[in-house]
Amino acid sequence: MAAAAGGRLAAAVSNAGGLGLIGGAYCDRDWVVAELDVAGDAPIGCGFITWALDRSPEVLDLVLERQPRAVMLSFGNPRPFAARIRAAGVPLICQVNSRVDTLTALEAGADIVVAQGAEAGGHGEHRRSTFTLVAEIADLLASQSPQTILCAAGGIADGRGLAAALMLGADGVLVGTRFWATSEATVPAGLHHAAIAAAGDSTTLSKSLDIARGLAWPDQFSCRVLHNRFTEEWDGREPKLRAAGAVVGEEWKRAFLAGDAEGSNTIVGEAVAFISDILPAAVVIDRMVQDAARALRTAADYLPSP
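Residue 233 in this note's numbering sits at position 225 of the sequence shown, and the numbers go up by one each step.
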């Protein structure tokens with residue numbers, strides 16, 4: 009949710025009963041400060057890409073001074089930062105893509121583990137599906153760390169997904185794509201329009217946008233985006249893209265800011281299939297909770313009477 013999840017979206021989610029997270033991502037100090045200011049006194053947290061935080065650790069201290077409700081670390085080893093987060097009295101959320109990641113998160117003292125399946129938009133290892141990963145991690149936590157909260161992520165955009173996650177053993181969910189498609193998200197209108205028109209089959213895994221932007225993502229991670237002219241031109245031609253240097257990157261940036269969904273990338277997951285409109289975050293939360301409750305009640309009707 010880098011850039012898309014600014015202070016306005018984070019505050020809207022928290023004020024509606026969730027925990028909104030500012031997408032601190034690549035640790036742009038000025039951007040993080042500005043978005044924390046936008047969020048004001050709302051009870052929000054902040055998330056970071058851990059390998060980027062390795063290069064700019066001072067941004068973590070800046071966030072901790074604001075006493076966030078939580079700090080989330082993804083895509084890297086959380087252990088070097090865990091003690092500082094714990095000393096500040098701030099809960100630690102660790103996003104994981106595998107059982108091995110989960111064990112590392114527990115060693116770091118994570119209060120909350122987010123099991124992210126391959127259906128998710130944006131970056132991930134994209135090896136495990138949400139359905140099996142969440143259930144496996146639920147069993148692992150039950151046996152080794154029952155006090156640790158588990159959230160499911162990846163392909164969850166409505167009440168059915170929330171209900172399914174609870175049945176798999178999760179305590180809650182982390183939602184990306186559905187909040188990306190809200191009126192408070194910092195997303196160009198053209199990209200929102202592209203998402204509304206898309207189906208789950210429209211997504212693809214790509215590394216081209218990171219190469220174009222000069223972002224040194226570790227090799228095991230790719231990014232789920234909508235298939236478009238940019239991915240058609242550059243996926244599978246990564247060496248040529250690297251040789252093109254900053255020229256393509258500047259073209260990508262201009263296209264992104266203009267909302268050009270063919271010249272840049274729409275970073276969403278397979279749950280894009282469930283998005284038909286751009287709604288306020290509070291409406292998304294209310295509908296998701298109500299629909300989940302309805303789904304669980306309907307499922308209960310199938311159970312035999314005691």
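Positions of the beta carbon are idealized from the N, C-alpha and C atoms, including for glycine.
Just so we're clear, the structure is a prediction, and the values are computed from it rather than from any experiment.
By alpha-carbon positions, which one of the options ends up nearest to residue i?
i           : options               : result
residue 127 : 287, 290, 283 and 278 : 278
residue 226 : 183, 207, 85 and 119  : 85
residue 282 : 206, 77, 99 and 294   : 206
residue 286 : 169, 196 and 190      : 190
residue 290 : 118, 16, 21 and 9     : 21
residue 81  : 74, 304 and 105       : 105
residue 52  : 15, 35 and 61         : 15
residue 261 : 219, 19, 153 and 115  : 219
residue 133 : 236, 147 and 103      : 103
residue 143 : 178, 111 and 154      : 178
Locate the alpha helix (DSSP H) running through residue i, then write down its first and last residues.
i           : result
residue 9   : Neither: residue 9 is in no alpha helix (DSSP H) and is coded neither H nor E.
residue 41  : 37-47
residue 138 : 138-152
residue 167 : 167-176
residue 15  : 15-23
residue 185 : 185-188
Determine, using beta carbons only, whether residue i and residue j come nearer to each other than 8 Å.
i           : j           : result
residue 234 : residue 242 : no
residue 55  : residue 32  : yes
residue 292 : residue 186 : yes
residue 99  : residue 69  : no
residue 271 : residue 229 : no
residue 257 : residue 222 : yes
residue 129 : residue 137 : no
residue 116 : residue 90  : yes
With a cut-off of 8 Å on the beta carbons, I'd call residue i and residue j a contact; round off their distance for me.
i           : j           : result
residue 50  : residue 28  : 7 Å
residue 123 : residue 141 : 5 Å
residue 156 : residue 108 : Rounded, the Cβ-Cβ distance is 16 Å, inconsistent with contact.
residue 202 : residue 96  : Not confirmed; about 40 Å, so no contact.
residue 184 : residue 161 : 7 Å
residue 204 : residue 284 : 6 Å
residue 199 : residue 274 : 5 Å
Which residues bound the beta strand (DSSP E) around residue i?
i           : result
residue 161 : 157-161
residue 56  : 53-57
residue 293 : Where residue 293 is concerned, there is no enclosing beta strand (DSSP E), although the alpha helix (DSSP H) it sits in stretches over 289-308.
residue 29  : 29-33
residue 132 : 130-132
Fully enclosed by the stretch 83-123, which beta strand (DSSP E) runs are 3 residues long or longer? 100-104
Which residue spans inside the stretch 196-263 form an unbroken alpha helix (DSSP H) run of at least 4? 197-205, 216-221, 237-242 and 246-252
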